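Notes to accompany the following structure.
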Amino acid sequence: MNVNGKHFRTIWVDKHNKEAIQIIDQRKLPYFFEIETLRSLDEMAIALREMHLRGAGLIGAAAAYGMYLGVLEANKSFDFNASIHSAAIKLKATRPTAVNLNWAVDLMLHSISTFAQETNKIKAKKALQLAESIANQDAAACKLIGEHGLVLLRELSKKKNGKTLNILTHCNAGWLAFVDYGSATAPIYAAFAEGIDMHIWVDETRPRNQGARLTAWELQQQGIKHSIIPDNTGGHLMQKGMVDLVIVGTDRTTRRGDVINKIGTYLKALAAYDNSIPFYVALPSSSFDWKTQNAFEEIQIEERNVQEISKIEGLLDGIMVEVDLVSAQQCGSNYGFDITPARLVSGLITERGICQANEESILNLFPDYEF
Numbered sequence: 107m108n109v110n111g112k113h114f115r116t117i118w119v120d121k122h123n124k125e126a127i128q129i130i131d132q133r134k135l136p137y138f139f140e141i142e143t144l145r146s147l148d149e150m151a152i153a154l155r156e157m158h159l160r161g162a163g164l165i166g167a168a169a170a171y172g173m174y175l176g177v178l179e180a181n182k183s184f185d186f187n188a189s190i191h192s193a194a195i196k197l198k199a200t201r202p203t204a205v206n207l208n209w210a211v212d213l214m215l216h217s218i219s220t221f222a223q224e225t226n227k228i229k230a231k232k233a234l235q236l237a238e239s240i241a242n243q244d245a246a247a248c249k250l251i252g253e254h255g256l257v258l259l260r261e262l263s264k265k266k267n268g269k270t271l272n273i274l275t276h277c278n279a280g281w282l283a284f285v286d287y288g289s290a291t292a293p294i295y296a297a298f299a300e301g302i303d304m305h306i307w308v309d310e311t312r313p314r315n316q317g318a319r320l321t322a323w324e325l326q327q328q329g330i331k332h333s334i335i336p337d338n339t340g341g342h343l344m345q346k347g348m349v350d351l352v353i354v355g356t357d358r359t360t361r362r363g364d365v366i367n368k369i370g371t372y373l374k375a376l377a378a379y380d381n382s383i384p385f386y387v388a389l390p391s392s393s394f395d396w397k398t399q400n401a402f403e404e405i406q407i408e409e410r411n412v413q414e415i416s417k418i419e420g421l422l423d424g425i426m427v428e429v430d431l432v433s434a435q436q437c438g439s440n441y442g443f444d445i446t447p448a449r450l451v452s453g454l455i456t457e458r459g460i461c462q463a464n465e466e467s468i469l470n471l472f473p474d475y476e477f
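Okay, here's the thing in structure tokens:
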């Protein structure tokens, strides 16, 4: 997507140094657009864990590039296999809920095992090729999600006789959460390019404010009408007929259609269901969890540092500062995600098309996936 009229992906190989990876440092947005260079496995792990980058697809791509950096380091170690397995463990520990991370690390690990006896130069070359392939796959899948979702938005726009289509989204499932295009935003960008009149309600998405700081910034860069709202406002807007559609992303969706996404998604799904408003989830196939049977019993929901809710960051006189929201003596609990049951989901928008949120419909669309 575009930043000040120039196209950017969210992650790429440094054109001056193929042994370094560059990312957009999302911690600085929307105030400053800065590029960070990662030169080691540890630096990539820190970027993942401390959310210099975040979002399902981007986490997967970053993990793949992290494994490439791990190969470069393993080439210098006494035991290549032990070093690369250690790299995989380190990357997997950074974000336990996001399924794309495990998927990308396991794919890289399997592929690396097939060329572990090659020369160091060949190992590095092949690892980089695979990492770039994973990143390209993510961008291509998101573009297709946009094309399939566009059909849905066209239909809704026709029902409104061309009047403004009001869409509510939660967190950031945009370009910044993937390599390009985004998942939930991909249909929005495609519809905007076609000239469909839209307005986007952007949940602020506490505690890290990814909606207010990232989604709103993206939409502004693309010139799409939007309004930032407090997280608790969505239900009221739906009751008043001011929302035509809810589209969110997902960090993990099970083969039965249960959706694990940013905390607060479940509440939006309940409000949409109560007001007969379509609630769609957009995701590439890499975000499906094909193994989990019971999301509520099997999935570990990430608990993050309580300081994310006790403090807040903003801009003061051109400098980013952090201030206390509550006293240091207050206790807190900071769950990063919740689970939206499949029964509340109108449909899943994927790179292969739109399906219902149930096992039969998902497997009909993805019959070639093995568990």
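If you're matching positions, the sequence shown starts at 107 in my numbering and goes up one per residue. We put the CB at the ideal spot given by N, CA and C, even for glycine. Please read all numbers here as calculations on a predicted model, not as lab measurements.
Closest residue to residue i among the options (Cα-Cα distance)
i       : options                               : result
Asp-380 : Leu-262, Leu-450 and Trp-307          : Leu-450
Leu-389 : Ile-141, Asp-364, Glu-324 and Leu-422 : Asp-364
Gly-161 : Cys-277, Asp-474 and Lys-265          : Cys-277
Lys-249 : Met-107, Asn-242, Thr-225 and Ala-292 : Ala-292
Ile-240 : Leu-343, Leu-135 and Gly-163          : Gly-163
Ala-180 : Thr-203, Arg-312, Leu-320 and Asn-226 : Asn-226
Val-109 : Phe-186, Asp-286 and Leu-471          : Asp-286
Phe-394 : Ser-382, Thr-360, Ile-425 and Gly-424 : Thr-360
Gly-252 : Asp-423, Met-426, Phe-472 and Met-107 : Met-107
Ile-306 : Arg-314, Arg-312, Asn-315 and Gln-326 : Gln-326
Glu-310 : His-216, Ala-279, Ala-296 and Ile-294 : Ala-279
Gln-462 : Ala-375, Arg-362, Ile-405 and Lys-397 : Arg-362
Ser-392 : Phe-186, Arg-458, Ser-382 and Leu-262 : Arg-458
8 Å contact criterion, which residue i and residue j should meet: CB distance rounded
i       : j       : result
Thr-371 : Thr-456 : About 18 Å; that fails the 8 Å criterion.
Val-177 : Ala-247 : Going by Cβ atoms, the distance from Val-177 to Ala-247 rounds to 25 Å, so no, they are not a contact pair.
Gly-166 : Trp-209 : 6 Å
His-332 : Val-308 : 5 Å
Ile-141 : Gln-128 : 5 Å
Arg-314 : Val-205 : Between Val-205 and Arg-314 the Cβ distance is about 20 Å, and since that is not below 8 Å, they are no contact.
Met-157 : Val-211 : Met-157 to Val-211, Cβ: 18 Å. No contact.
Inter-residue Cα distance where the pair is residue i and residue j
i       : j       : result
Leu-154 : Arg-410 : 13 Å
Val-412 : Ala-434 : 11 Å
Asn-218 : Ala-377 : One detail in the question is off: residue 218 reads as Ile in this sequence, not Asn. When rounded, the distance between both Cα atoms is 46 Å.
Phe-443 : Asn-367 : 5 Å
Ile-418 : Leu-431 : 7 Å
Val-352 : Asn-242 : 27 Å
Leu-213 : Ile-195 : 14 Å
Ser-192 : Lys-182 : 14 Å
Tyr-386 : Ile-425 : 38 Å
Gln-223 : Gly-341 : 58 Å
Asn-464 : Val-354 : 17 Å
Asn-272 : Lys-265 : 13 Å
Gly-453 : Ile-460 : 7 Å
Below-9 Å beta-carbon distance, residue i vs any chain D residue
i       : result
Lys-264 : Note that chain D does not occur in the displayed structure, where there is just one protein chain.
Under 9 Å between C-beta atoms of residue i and residue j
i       : j       : result
Thr-275 : Thr-203 : no
Trp-323 : Leu-135 : yes
Leu-215 : Tyr-171 : no
Thr-356 : Ser-439 : no
Leu-343 : Ile-335 : yes
Quiz item: Taking one C-beta from the region 253 to 265 and one from the region 288 to 303 each time, how about it: are there three or more such pairs within less than 8 Å?
Solution: Touching, yes, given that three or more Cβ pairs across the two stretches are closer than 8 Å.
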